[in-house]
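Asks: When we follow the UniProt record's numbering, the leftmost residue of the sequence shown carries the number 1, and every step to the right adds one. No residue lacks a Cβ here, since even glycine has one placed at the ideal position from N, Cα and C. Just so you know, these numbers come straight off a predicted model, no measurement behind them. One structure is given below, represented as structure tokens, and several questions about it will come after.
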Amino acid sequence: MLKTGPEEIEINNQQDTLDMKSENLKTHQQLTADKLFPSTWGPTSHSCSQQGLCDSYMRSYTLPKSPAMGLTSQTTPWNLISGILGVICLFLMATMGILLKDLYPKHSIQPTLSPDAITELQKGSNCCSCPKGWIAYHCNCYFFSGELKTWKESRDFCGSQNSSLVQIENGDKLHFMSSSKYFYWIGLSYHKKCDAWLWEDGSSVSQDLLPLVQKLSPEKCVMYNARQSVLDESCDDKYRFICKQKVI
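Below you can see the structure in the form of structure tokens.
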């Protein structure tokens, strides 16, 4: 049996002391980790001191959802409602446009002459019957528009009513037009091929009735007001007009 000397006993005691300190250090590290990262963050089966304290708990920790993550789901219904309201507004605007378009021609058939002037014009005109909104005069029907149109639009409108822009043929026509205060497009235009001002039926204008016609610009169209004679304006401008319908 070997005897243990004092030196060997001292070495063994030192080794035991180191082992105890090592165990105490491990225990202290474990307790410290438990305090820093409570178990409520999420379970882990690894020792913090042995497997990597931060990496283990960072993997087990779940970040809370950001409020922005729920923003899309919350705003989606409002986007849908806004889209539906936009479609409804467009539908209402389109419907209103159609209704106004239908009502506008009804407004345009109202004559622009005063009741007294209409009565005066209709004297001695029992020989014919005119459509509603038209005026009978010397066995012809006349329409004084309340709607503004270009010269071409005016001519086309009269044509659609089986009539034409008014043609001034004698002084009597001038007298009956003097009852209105407006300027009106008439059926007189310049024809380059003929180098002359002609009526819609191709006849030439009388210099006695409209002496100032030759001074008008060939590039423009003619308006008439019996109080102020003739006036040339751009054919694309919009004014009132007079249609004439011959009664057969």
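So who's on the other strand from ASP232, going by DSSP bridges?
Replies: For the purposes of this step, residue 232 is taken as the residue at position 232 of the sequence shown. Under DSSP, ASP232 forms a beta bridge with VAL222.
Asks: Do GLU219 and LEU165 have their C-beta atoms within less than 8 Å of each other?
Replies: Reading the sequence shown from its first residue, position 219 is the one you call residue 219. Reading the sequence shown from its first residue, position 165 is the one you call residue 165. No, the pair does not count as a contact, with Cβ atoms beyond the cut-off.
Asks: Any idea which residues DSSP pairs LEU188 with across the strands?
Replies: Start at 1 with the first residue of the sequence shown, and residue 188 comes out as number 188. Answer is TRP199.
Asks: By DSSP's criteria, ARG155 is part of a beta bridge. Which residues make up the other side?
Replies: Position 155 of the sequence shown, counting from 1, holds the residue named residue 155. The partner list for ARG155 (beta bridge, DSSP) is empty, contrary to what the question assumes.
Asks: Just to confirm my understanding: we take THR150, look at its own chain, exclude 5 residues before and 5 after, and list those with CB closer than 8 Å. What are they?
Replies: On the sequence shown, residue 150 is found 150 positions in, with the first residue counted as 1. So the qualifying residues of the chain are CYS235, ASP236, ASP237, LYS238.
Asks: Return the Cβ separation of GLN245 and CYS139 in integer angstroms, given the expectation that the two are a contact with Cβ distance under 8 Å.
Replies: In the sequence shown, residue 245 corresponds to position 245, counting from 1. In the sequence shown, residue 139 corresponds to position 139, counting from 1. In fact, because the Cβ distance is near 11 Å, the residues do not count as touching under 8 Å.
Asks: Roughly how many angstroms lie between the CA atoms of MET223 and LYS152, to the nearest whole one?
Replies: For the purposes of this step, residue 223 is taken as residue 223 along the sequence shown, with counting starting at 1. For the purposes of this step, residue 152 is taken as residue 152 along the sequence shown, with counting starting at 1. Rounded to the nearest angstrom, the two C-alpha atoms are 13 Å apart.
Asks: Determine the DSSP secondary structure at residue 253, reduced to helix, strand or coil.
Replies: In the structure displayed, the chain extends from 1 to 248; residue 253 sits before or after that span and is not available.
Asks: Which residues bound the beta strand (DSSP E) around PHE143?
Replies: Locating residue 143 in the sequence shown gives position 143, counting from the first residue. Per DSSP, PHE143 belongs to the beta strand (DSSP E) from 140-144.
Asks: Would TRP78 be called buried (16 or more neighbouring beta carbons within 10 Å of its own) or exposed?
Replies: If you number the sequence shown from 1, residue 78 lands on position 78. That one is exposed.
Asks: Determine the DSSP secondary structure at SER82, reduced to helix, strand or coil.
Replies: Mapped onto the sequence shown, residue 82 falls at position 82. It is helical.
Asks: Residues bridged to SER204 by DSSP?
Replies: Translated into positions along the sequence shown, residue 204 becomes position 204. For SER204, which the question treats as bridged, DSSP gives the partners LEU198.
Asks: Give the straight-line distance between the Cα atoms of PHE143 and LEU92, rounded to the nearest whole angstrom.
Replies: For the purposes of this step, residue 143 is taken as the residue at position 143 of the sequence shown. For the purposes of this step, residue 92 is taken as the residue at position 92 of the sequence shown. The straight-line gap from Cα to Cα measures roughly 34 Å.
Asks: Among all the DSSP beta bridges, which residues are the ones paired with ARG240?
Replies: What you label residue 240 is simply residue 240 of the sequence shown in a count that begins at 1. For ARG240, which the question treats as bridged, DSSP gives the partners TYR184.
Asks: Our contact map puts GLN161 next to CYS243 with C-beta atoms below 8 Å; I'd like the distance itself, whole angstroms only.
Replies: Translated into the one-based positions of the sequence shown, residue 161 becomes position 161. Translated into the one-based positions of the sequence shown, residue 243 becomes position 243. About 6 Å; that satisfies the 8 Å criterion.
Asks: What separation, rounded to the nearest whole angstrom, lies between the Cα atoms of SER145 and TYR184?
Replies: By 1-based counting over the sequence shown, the position of residue 145 is 145. By 1-based counting over the sequence shown, the position of residue 184 is 184. In a straight line, the C-alpha of SER145 is about 9 Å away from that of TYR184.
Asks: For LEU63, which residues of its own chain have a beta-carbon under 7 Å away from its beta-carbon, when the five flanking residues on both sides are left out?
Replies: For the purposes of this step, residue 63 is taken as the residue at position 63 of the sequence shown. Reliability of the predicted coordinates at LEU63 is poor, the pLDDT of 47 falling under 50, and the value obtained from them is presented with this limitation in mind. Nothing meets the Cβ criterion.
Asks: Please classify SER189 as buried or exposed, where buried requires at least 16 other C-beta atoms within 10 Å of its C-beta.
Replies: Along the sequence shown, read from residue 1 onward, the residue named residue 189 stands at position 189. Residue environment for SER189: buried (at least 16 other C-beta atoms within 10 angstroms of its C-beta).
Asks: How far does the beta strand (DSSP E) with ILE135 in it extend, from its first residue to its last?
Replies: Along the sequence shown, read from residue 1 onward, the residue named residue 135 stands at position 135. 135-137 is the span of the beta strand (DSSP E), which, as asked, contains ILE135.
Asks: Would ARG240 and TYR182 be called neighbours here (beta carbons separated by less than 8 Å)?
Replies: Residue mapping note: residue 240 aligns to position 240 of the sequence shown, counting from 1. Residue mapping note: residue 182 aligns to position 182 of the sequence shown, counting from 1. Taking the C-beta atoms as reference points, TYR182 is found nearer than 8 Å to ARG240.
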